[in-house]
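A.B. asks:
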Amino acid sequence: KTSSAKEDIHRSLHLQILSSFAEILQSTKIMMSDTSTDLAARLLNTVAVGRGSYVPNETQYLDNRLPGITFINSMREFTLKECTFYLRRLEITPVTIITHTTLSDPIVGSINRLTDTFISGLQAHFPSTISTVMKLQPNYEL
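So for the sequence shown, this note's numbering puts the first residue at -7; every next one is plus one.
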């Protein structure tokens, strides 16, 4: 299996586990921590692997893809850099969860990793990159 396939399975299982916990807790909503940086990379990744019709589910504010559960992307208006500065201002140390994705080499990694590196690199030199990519999202809605 490729790294991209492993990451897709990991994300799918992650969402299924969260929805299972929500059902146990009798909750209908789950707030996600994905920033616009994460969502912009996911948007490009989704298009790159030929799943453009799934872009709205991946990047919009409310994701109702699973019955009875609503995933809320409440941080979608903030970049990772903005969140990091905010946490530093509050003197809170950000937590990074280390996975096989964060450990892989971006040059030989998956499509997910490559699009993430691509978006981060562009954002470093062109500060409006992420907001521009996120503006493309409504064009994919049905």
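All C-beta atoms, glycine included, are put in the ideal place defined by N, C-alpha and C. Treat the numbers as computed from the prediction; the structure is a model and nothing was measured.
#1: When we look at the beta-carbon of Met67 and count the other beta-carbons within 10 Å, is it buried (16 or more) or exposed?
#2: What are the boundary residues of the beta strand (DSSP E) that includes Thr76?
#3: Between the Cα of Gln52 and the Cα atoms of Leu72, Asp30 and Ala40, which residue gives the shortest distance?
#4: So what's Phe13 in DSSP terms, helix, strand or just coil?
#5: Taking only three categories from DSSP, how would you classify Leu5?
#6: With DSSP run on the structure shown, which of helix, strand or coil describes Phe118?
#7: May I have the straight-line CA-CA distance separating Glu83 from Met24, to the nearest angstrom?
#8: Our contact map puts Ile64 next to Ile22 with C-beta atoms below 8 Å; I'd like the distance itself, whole angstroms only.
#9: Are the CB atoms of Ile103 and Ala40 within a distance shorter than 8 Å?
#10: Does the beta-carbon of Ser28 have 16 or more other beta-carbons within 10 angstroms, so that it is buried, or is it exposed?
C.D. replies: In short, the structure shows the following:
#1: Mapped onto the sequence shown, residue 67 falls at position 75. So Met67 ends up on the buried side.
#2: Sequence index remark: in the sequence shown, residue 76 carries index 84 (1-based). Where Thr76 is concerned, there is no enclosing beta strand (DSSP E), although the alpha helix (DSSP H) it sits in stretches over Leu72 to Arg81.
#3: As a first step, residue 52 must be located in the sequence shown, where it is residue number 60. Nearest option by C-alpha distance: Asp30.
#4: Taking the sequence shown and counting its residues from 1, one reaches residue 13 at position 21. In the three-state scheme derived from DSSP, where H, G and I count as helix and E and B as strand, Phe13 is classed as helix.
#5: For the purposes of this step, residue 5 is taken as residue 13 along the sequence shown, with counting starting at 1. Looking at Leu5 - three-state DSSP - the assignment turns out to be helix.
#6: Translated into the one-based positions of the sequence shown, residue 118 becomes position 126. Three-state result, Phe118: coil.
#7: Here residue 83 is taken as the residue at index 91 of the sequence shown, counted from 1. Here residue 24 is taken as the residue at index 32 of the sequence shown, counted from 1. So the alpha carbons of these two residues sit roughly 22 Å apart.
#8: For this step, residue 64 is matched to residue 72 along the sequence shown. For this step, residue 22 is matched to residue 30 along the sequence shown. Yes, they are in contact, since the Cβ atoms of Ile64 and Ile22 sit about 7 Å apart, within 8 Å.
#9: By 1-based counting over the sequence shown, the position of residue 40 is 48. By 1-based counting over the sequence shown, the position of residue 103 is 111. Yes, the pair counts as a contact, with Cβ atoms nearer than the cut-off.
#10: Locating residue 28 in the sequence shown gives position 36, counting from the first residue. The residue in question, Ser28, is buried, as its Cβ has 16 or more Cβ neighbours within 10 Å.
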